[in-house]
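The next block holds one structure in the form of structure tokens; read it before the comments.
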Amino acid sequence: MFLMSLCLAGPVWGQNAAAAITVDASANLRRIDPRVYGVACASTTQLADLNLPLNRMGGNNTSRYNWMQNADNRGADWYFESIAYAGSIAGEQGDTFISQSRAGGAEPMLTIPIIGWVAKLGAGRSKLAGFSQAKYGTQTGNDWQWFPDAGNGVLKSTGQNITGNDPNDANVPADAAFQKGWAQALVSRWGQASAGGLRYYILDNEHSIWHSTHRDVHPAGAGMEEIRARILDYASALKQADPTALIVGPEEWGWSGYVLSGADQQYGSLHGWSYLPDRAAHGNMDYLPWLLDQLRQDGRHLLDVFSVHYYPQGGEFGNDVTTAIQQRRNRSTRSLWDPNYVDETWINDKVQLIPRLRQWADTYYAAGTPIAVTEYNWGAEGHINGATAQADILGIFGREGLDMAARWTTPDASTPVYKAIRMYRNYDGAKSAFGEMSVSAAGPDPDNVSVFASTRAYDGALTIMVISKYTTGNTPVTVNLSHFAASGPARVYQLSASNAITRLADVAVSGGALSTTVPSPSVTLFIVPPVSRCDCNRDGAVNVVDVQRLVNVVLGVSPPLGTEDLNRDGRTDVVDLQVLVNIVLGAPCPA
Numbered sequence: 004m005f006l007m008s009l010c011l012a013g014p015v016w017g018q019n020a021a022a023a024i025t026v027d028a029s030a031n032l033r034r035i036d037p038r039v040y041g042v043a044c045a046s047t048t049q050l051a052d053l054n055l056p057l058n059r060m061g062g063n064n065t066s067r068y069n070w071m072q073n074a075d076n077r078g079a080d081w082y083f084e085s086i087a088y089a090g091s092i093a094g095e096q097g098d099t100f101i102s103q104s105r106a107g108g109a110e111p112m113l114t115i116p117i118i119g120w121v122a123k124l125g126a127g128r129s130k131l132a133g134f135s136q137a138k139y140g141t142q143t144g145n146d147w148q149w150f151p152d153a154g155n156g157v158l159k160s161t162g163q164n165i166t167g168n169d170p171n172d173a174n175v176p177a178d179a180a181f182q183k184g185w186a187q188a189l190v191s192r193w194g195q196a197s198a199g200g201l202r203y204y205i206l207d208n209e210h211s212i213w214h215s216t217h218r219d220v221h222p223a224g225a226g227m228e229e230i231r232a233r234i235l236d237y238a239s240a241l242k243q244a245d246p247t248a249l250i251v252g253p254e255e256w257g258w259s260g261y262v263l264s265g266a267d268q269q270y271g272s273l274h275g276w277s278y279l280p281d282r283a284a285h286g287n288m289d290y291l292p293w294l295l296d297q298l299r300q301d302g303r304h305l306l307d308v309f310s311v312h313y314y315p316q317g318g319e320f321g322n323d324v325t326t327a328i329q330q331r332r333n334r335s336t337r338s339l340w341d342p343n344y345v346d347e348t349w350i351n352d353k354v355q356l357i358p359r360l361r362q363w364a365d366t367y368y369a370a371g372t373p374i375a376v377t378e379y380n381w382g383a384e385g386h387i388n389g390a391t392a393q394a395d396i397l398g399i400f401g402r403e404g405l406d407m408a409a410r411w412t413t414p415d416a417s418t419p420v421y422k423a424i425r426m427y428r429n430y431d432g433a434k435s436a437f438g439e440m441s442v443s444a445a446g447p448d449p450d451n452v453s454v455f456a457s458t459r460a461y462d463g464a465l466t467i468m469v470i471s472k473y474t475t476g477n478t479p480v481t482v483n484l485s486h487f488a489a490s491g492p493a494r495v496y497q498l499s500a501s502n503a504i505t506r507l508a509d510v511a512v513s514g515g516a517l518s519t520t521v522p523s524p525s526v527t528l529f530i531v532p533p534v535s536r537c538d539c540n541r542d543g544a545v546n547v548v549d550v551q552r553l554v555n556v557v558l559g560v561s562p563p564l565g566t567e568d569l570n571r572d573g574r575t576d577v578v579d580l581q582v583l584v585n586i587v588l589g590a591p592c593p594a
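Counting in my numbering, the sequence shown runs from 4 upward without gaps.
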């Protein structure tokens, strides 16, 4: 709030270059999967307020959740401690998460451990330490306030990691049969996925850095063969418990985890990166393509969603809002899509994450397999620069055809980033949202001003999100509309440095264009009303031309524009065609 007040009290800035934007409602059509608007660890209240469809239970601690004891081990995040949850009922943490997610209108995703160990508790559900100072010696850090015996696993006498510890100190072995038991308990409580039970089972978390985050139980980097075997073993067990469930994985942490196994990441960090034995033993293939190909060769199609995590590596994931990092945050979202953008960090490559995931899944596994980014975060939650980055990311996810996403984690409701999500899903407090059918939207430079557009089925509106990333100044914006006839002025909602979503004065649409000036940084949503919701071809009239277009859509000859479900039953078929014929003959368009 202090920083925000400084921004508001600053000088009046000059004007930025005018941004000419073109939106074509008939080009680059792609249905936006609502599951891209997911988060992690959200409360019922947050889910309902943000109108979100997906809530993920994940993180390092979920790799060692013991469903029987309702406890987990925090790994390197918190002194390798095994800690009980409040209730002693088996599986209570998962059941509560499912219940709270559903109450908020979201589909839950649960992480199932496949690391082979889960937490163990002491007498009376007391904590246990993976690296006890009493047993292994004084360490360079410990949980001095709450559990002083729990160390960080680094000996004070040598400064080196403790090796040869006993994993049984704070953990118990847990194989696929153990996790199948949890899945069976979930089915018993909630039913099969096909009958409204838990739909998404995630296969652990960031396997290729287990040797760091969970080194008390898995000190050696996980090799390619090990992860292949674990995925097949555990996924098969989960499918036996619920054949209709969807298995999500492999949940790798980032760039290194896409191309190198944990064994090679560990080896390279110790011996250099010129020779990597695990990769060499597997035809020098990148890790994830190799893994997908192996799962394909298995023939059982046990993996249903191909998922990874992604975090920018140049300081964006944090609270740094210096001008240099703000500008890098503006640019680095290109790594999600741009085939010409070379990542500016140690990655030093063209990541083009979403197209890459799509190509890997289609080439090495099964064409059309859903792809997901189930952890990401561009930082600066308390600053408008974080909000413009978040808005940019959500727009990219929809435009580029990502199937699922879950931000890590859910920002506080007071933050600009929270409100940036709300701009897409509940900008007016009545759960009005950005449209479901992405259409072509282009501007001069997405590093400064990015734009996304979509049509909305329930009212036929054209929704346009304009994101000004400039750190200062005002930006004149002209949006030229093509293949869309507006019936009146555009409604306008805006999130700016004031940290509030504000309904602004309507902006006139004249000559197929609208013009206004937006502050920087800001996120501005324009909702342009159509002449008629029943104008299927967007030419401003409802007539036999619309009937012909709808016939072609029903026959599969023409792609849908997202406007054809006239009777709102979730399908486009001959019933909609009959409705349209009646309208052309004089019946009113359904409200």
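Each residue gets a CB set at the ideal place from its N, CA and C atoms; glycine is no exception.
In this text, all values refer to a predicted model and were calculated from it rather than measured experimentally.
Residues near residue i by beta carbon distance below 7 Å, same chain, minus five either side
i	result
Leu569	Cys537, Asp579, Val582, Leu583 and Pro593
Ile101	Pro111, Trp193 and Leu201
Ala590	none
Val15	The predicted position of Val15 is uncertain, since its pLDDT is 45 and thus under 50; no value can be drawn from it.
Ala394	Ala423, Met426, Met468, Ile470 and Val526
Met7	Caution is warranted here: a pLDDT of 30 is assigned to Met7, below 50, making its placement in the model unreliable, and no coordinate value can be reported.
Asp281	Gly226, Met227, Ser264, Ala266 and Asp267
Gly321	Gly382
Within 8 Å, strictly: CB atoms of residue i and residue j
i	j	result
Pro176	Trp213	no
Ala409	Ala30	no
Gly200	Thr114	no
Leu55	Tyr40	yes
Lys183	Leu241	yes
Val587	Val556	no
Thr478	Thr412	no
Ala390	Val324	no
Thr475	Gln497	no
Thr372	Thr458	no
Ile530	Thr466	yes
Gln136	Gln142	yes
Met468	Arg34	no
Val308	Ala375	yes
Val510	Val495	yes
Tyr203	Val251	yes
Asp341	Gln362	no
Ser85	Leu131	yes
Pro562	Ala464	no
Gly401	Phe455	yes
Own chain partners of residue i with C-beta closer than 8 Å, once the 5 adjacent residues on each side are dropped
i	result
Ser335	Pro315, Gly317, Glu319, Asp346, Glu347 and Trp381
Ser104	Ala45, Thr47, Leu50, Asn58, Glu110 and Pro111
Gly271	Leu263 and Leu279
Arg552	Cys539, Asn540 and Ser561
Val548	Asn540 and Asp542
Straight-line Cα distance separating residue j from residue i
i	j	result
Ser160	Pro111	46 Å
Asn333	Trp193	43 Å
Ser523	Ala433	27 Å
Met4	Asn502	Because the pLDDT of Met4 is 31, which lies under 50, any placement of that residue in the model is unreliable, and the question is left without a value.
His304	Arg337	32 Å
Gln268	Ser211	8 Å
Phe207	Leu507	Note that residue 207 is Asp in the sequence shown here, rather than Phe. Whole-angstrom Cα-Cα distance: 45 Å.
Ala327	Leu360	29 Å
Leu339	Ile399	8 Å
Phe150	Trp349	38 Å
Ala489	Gly543	8 Å
Gly257	Thr216	14 Å
Asp301	Gly224	24 Å
Val550	Leu517	30 Å
His221	Ile118	8 Å
Gly2	Val577	The structure shown does not extend to residue 2, since the chain is modelled only from 4 to 594, so the question has no answer here.
Gly144	Gln96	29 Å
Val512	Ser453	20 Å
Sequence-distant residues of its chain with Cβ nearer than 6 Å to residue i (five each side left out)
i	result
Leu263	Tyr290
Leu484	Val26 and Gly515
Short CB-CB distance (under 8 Å) between residue i and chain D
i	result
Ala508	The structure shown has no chain D; it contains just one protein chain.
Proximity test, residue i beta-carbon vs the ligand ZN heavy atom, cut-off 7 Å
i	result
Glu95	Looking at this structure, you won't find the ligand ZN or any other ligand, since it has none at all.
Should the segment 69-78 be called in touch with the segment 443-452, which here means at least 3 C-beta pairs below 8 Å? The count of Cβ pairs closer than 8 Å, one atom from the segment 69-78 and one from the segment 443-452, stays below three, leaving the stretches out of contact.
Please give the ranges of any beta strand (DSSP E) in the segment 470-557, keeping only runs that are unbroken, at least 3 residues long and fully inside the region. Correct list: 477-485, 493-499, 504-510, 516-522 and 525-531.
Mind listing, in chain order, the continuous alpha helix (DSSP H) runs of no fewer than 4 residues lying wholly within the segment 309-378? Runs of alpha helix (DSSP H) with 4 or more residues, each lying fully within the segment 309-378, are found at 326-335 and 356-363, listed in chain order.
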